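All residue numbers for the sequence shown refer to the numbering used here, where the first residue is 20 and numbers rise by one.
Positions of the beta carbon are idealized from the N, C-alpha and C atoms, including for glycine.
Just so you know, these numbers come straight off a predicted model, no measurement behind them.
See structure below.
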Amino acid sequence: MREAIIPIFIPHDGCPYRCSFCNQWKLTAQTDRTTPAMVAKTIAEYLASTTRPYRWQVAFYGGSFTALSEERQRALLAPAKYAWEKGDVAALRLSTRPDCISVENTAFLYAHGVRTVELGVQSLDDNVLWQARRGHRSAVVAKAIEILRRGGMQVGIQLLPGLYGETFSTLRKTIRETVALTPDFVRIYPALVLRDTLLERQYRNGDYQPLTLAQAILVGAWWRRYLAKHNIPVIRIGLQATQDLDSHAAYVAGPYHPALGELAIARSYAQELKKGFRQACGAVTITYSTRDASKVRGHKNANVKKYQEKYAGPITWRESVDMPPGAVCFTTPTKTYQKRLESLLYCH
20 MREAIIPIFI PHDGCPYRCS FCNQWKLTAQ TDRTTPAMVA KTIAEYLAST
70 TRPYRWQVAF YGGSFTALSE ERQRALLAPA KYAWEKGDVA ALRLSTRPDC
120 ISVENTAFLY AHGVRTVELG VQSLDDNVLW QARRGHRSAV VAKAIEILRR
170 GGMQVGIQLL PGLYGETFST LRKTIRETVA LTPDFVRIYP ALVLRDTLLE
220 RQYRNGDYQP LTLAQAILVG AWWRRYLAKH NIPVIRIGLQ ATQDLDSHAA
270 YVAGPYHPAL GELAIARSYA QELKKGFRQA CGAVTITYST RDASKVRGHK
320 NANVKKYQEK YAGPITWRES VDMPPGAVCF TTPTKTYQKR LESLLYCH
């Protein structure tokens with residue numbers, strides 16, 4: 020059964036600090052404080068919106084859930100717990116800070132149906148965290164993951180490459196240490212300059228430059244492939260598209276693209292295509308899964324155009340429902356061979 024999310028946004032609720040990069044009010048376009056009644060209404064609307072069977076999960080995003088008072092946590096969880104106990108939703112999930120995890124609270128969450136906790140890690144370099152005004156060091160992340168795992172939770176990590184003070188060395192340090200932490204999954208959100216943030220002031224003062232879109236695609240492809248080699252899935256690259264992001268109302272600068280994840284995957288496929296073309300001679304037919312068409316061909320057929328110009332012989336691009344996802348087959352007059360990406364690159 021396909022999984023689906025019922026998102027509940029609690030912008031900045033519970034956050035003990037105002038991080039340099041963060042403005043959840045702009046990202047969610049929500050100004051009212053979330054109430055239990057709003058939670059119940061949202062759940063009911065999602066459940067009534069389709070007759071297709073889904074494995075629903077209620078997800079609390081946008082704040083530091085475990086930093087809230089237990090009373091408020093209990094109140095917000097109550098409608099979701101009720102739906103969980105009825106069997107209308109399969110589980111609950113939430114995001115929070117790694118320095119706001121305890122054994123007691125983990126047990127409390129588990130009893131209320133929470134099975135997945137996503138930690139806003141952002142970076143595993145202490146200087147980058149300090150510049151971002153996170154209020155904690157990277158060492159707390161490993162401790163938080165250990166507590167959550169012992170409490171029966173699936174643990175995800177959210178990373179923000181491109182923050183103030185980021186370098187190639189800090190990017191490499193973060194992804195290597197992420198692998199060492201063995202999270203169940205990772206989200207990658209290249210940093211944007213959101214309006215009304217310290218990062219915006221640093222950008223306007225000329226002290227900070229965000230990643231370009233090309234750089235964000237490279238980092239996304241690099242991190243995704245590196246994590247895949249260690250069997251850690253990346254479930255998203257880039258923020259979910261919204262009207263305020265598409266119109267620039269929410270941000271000033273940075274590598275926003277509504278299909279950033281697709282662009283990063285296409286970049287990975289382009290690297291495999293390059294290896295394949297090195298072995299080819301004469302006319303070549305490239306066969307790939309129908310599911311992978313946009314990834315193989317690239318955004319706006321970028322990969323197709325690139326190799327039509329670079330390769331000396333004629334190229335035929337062919338979709339096939341019989342090809343396994345993630346595999347690219349090269350057929351020339353003299354041989355047939357296959358290139359394959361790591362499975363986790365295309366399974367999530």
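What's the gap between the Cα of residue i and the Cα of residue j?
i, j, result
"GLY368", "PRO274", "Since the first and last residues shown for the chain are 20 and 367, residue 368 lies out of range."
"LEU363", "ILE251", "Confidence in LEU363 is poor, its pLDDT being 36 and thus under 50, which makes the residue's placement unreliable; the coordinate value appears in the next sentence. Roughly 7 Å separates the two Cα atoms."
"LEU246", "VAL198", "7 Å"
"THR267", "VAL212", "The displayed chain sequence assigns His, not Thr, to residue 267. Rounded to whole angstroms, HIS267 to VAL212 spans 11 Å at the Cα level."
"ALA346", "ASP226", "44 Å"
"ILE176", "PRO55", "27 Å"
"TYR101", "ALA63", "11 Å"
"TYR129", "GLY170", "7 Å"
"GLU361", "THR351", "Note that GLU361 has pLDDT 47, beneath the 50 cutoff, so the model's placement of it is unreliable and the number below is only indicative. Their Cα atoms are separated by approximately 24 Å."
"LEU96", "TYR80", "13 Å"
"LYS325", "ASN124", "53 Å"
"SER121", "THR69", "37 Å"
"THR115", "TRP242", "22 Å"
"SER88", "ASP32", "10 Å"
"PRO30", "ASN320", "38 Å"
"GLY82", "ALA331", "54 Å"
"ALA109", "GLY154", "34 Å"
"ARG297", "LYS329", "11 Å"
"VAL140", "ILE164", "11 Å"
"LEU190", "ALA240", "13 Å"
"HIS131", "LYS293", "50 Å"
"ALA126", "PRO202", "19 Å"
What does a CB cutoff of less than 7 Å around residue i pick up in its chain, not counting 5 residues either side in sequence?
i, result
"ASP145", "ARG156 and SER157"
"PRO344", "SER308, ARG310, ASP311 and TYR365"
"HIS276", "LEU232, GLY257 and LEU282"
"THR186", "none"
"PRO333", "ALA302"
"VAL159", "PRO117 and ASP118"
"THR216", "SER39, PHE40, CYS41 and ASN42"
"GLN92", "PHE84"
"LEU218", "SER39, PHE40, TYR183, VAL212 and TYR227"
Check each candidate in the options and name the one with the smallest Cα separation from residue i.
i, options, result
"LEU111", "ARG52, VAL122 and VAL174", "VAL174"
"ALA48", "ILE27, TRP241 and GLY33", "ILE27"
"LYS192", "GLY132, SER142, HIS276 and THR353", "SER142"
"LYS248", "ALA321, PRO352 and ARG195", "ARG195"
"ARG214", "GLU123, PHE40 and LEU128", "PHE40"
"MET57", "VAL77, LEU182, ASP263 and SER188", "VAL77"
"ASN42", "THR70, LEU200 and LEU264", "LEU264"
"GLN262", "LEU46, MET172 and LYS325", "LEU46"
"ARG337", "ILE305, GLY82 and ALA126", "ILE305"
"ARG244", "GLY154, ILE120, LYS325 and TYR288", "TYR288"
"HIS318", "TYR356, ALA331, LEU279 and ASP341", "LEU279"
"PHE204", "GLN228, MET172, LEU190 and LEU218", "MET172"
"SER339", "PHE349, ALA331 and TYR330", "PHE349"
"LEU167", "TYR222, LYS105 and ARG134", "ARG134"
"LEU66", "ASP107, ALA99, GLN92 and THR50", "ASP107"
"CYS300", "THR353, ALA260, MET342 and SER188", "THR353"
"THR335", "LEU138, GLN327 and ASP51", "GLN327"
For residue i, which residues of its own chain have a beta-carbon under 6 Å away from its beta-carbon, when the five flanking residues on both sides are left out?
i, result
"VAL238", "PRO180"
"PRO209", "PRO180, GLY181, LEU230, ALA235 and PRO274"
"GLY184", "ASN146, VAL147 and GLN150"
Per DSSP, which one or two residues make a beta bridge with residue i?
i, result
"ALA78", "PRO26 and ARG112"
"THR353", "According to DSSP, which records beta bridges pairwise, THR353 is partnered with nothing at all."
"LEU138", "THR115 and ILE176"
"TRP241", "The partner list for TRP241 (beta bridge, DSSP) is empty, contrary to what the question assumes."
"GLU338", "TYR307"
"ILE207", "LEU178 and ILE256"
"VAL133", "LEU111"
"TYR270", "LEU213"
"ALA346", "ARG359"
Please classify residue i: is it buried, with 16 or more other beta-carbons within 10 angstroms of its beta-carbon, or exposed?
i, result
"GLN290", "exposed"
"LYS358", "buried"
"ASP118", "buried"
"ASN322", "buried"
"ILE24", "exposed"
"THR85", "buried"
"PRO35", "exposed"
"ARG316", "buried"
"TYR270", "buried"
"ALA99", "buried"
"THR53", "buried"
"GLU104", "exposed"
"ARG37", "exposed"
"GLU90", "exposed"
"ARG223", "exposed"
Excluding five sequence neighbours on each side, which residues of the same chain lie with their C-beta closer than 8 Å to the C-beta of residue i?
i, result
"MET20", "PRO72, TYR73 and ARG74"
"SER313", "GLU281 and ALA285"
"HIS367", "Its pLDDT being 32, under 50, HIS367 is placed unreliably by the model, and nothing is read from it."
"THR355", "CYS348 and PHE349"
At a cut-off of 6 Å, would you count residue i as near the ligand FMN, judging by its Cβ distance to the nearest heavy atom?
i, result
"ALA235", "Questions concerning the ligand FMN fall outside what the structure shown contains, since it holds no ligand whatsoever."
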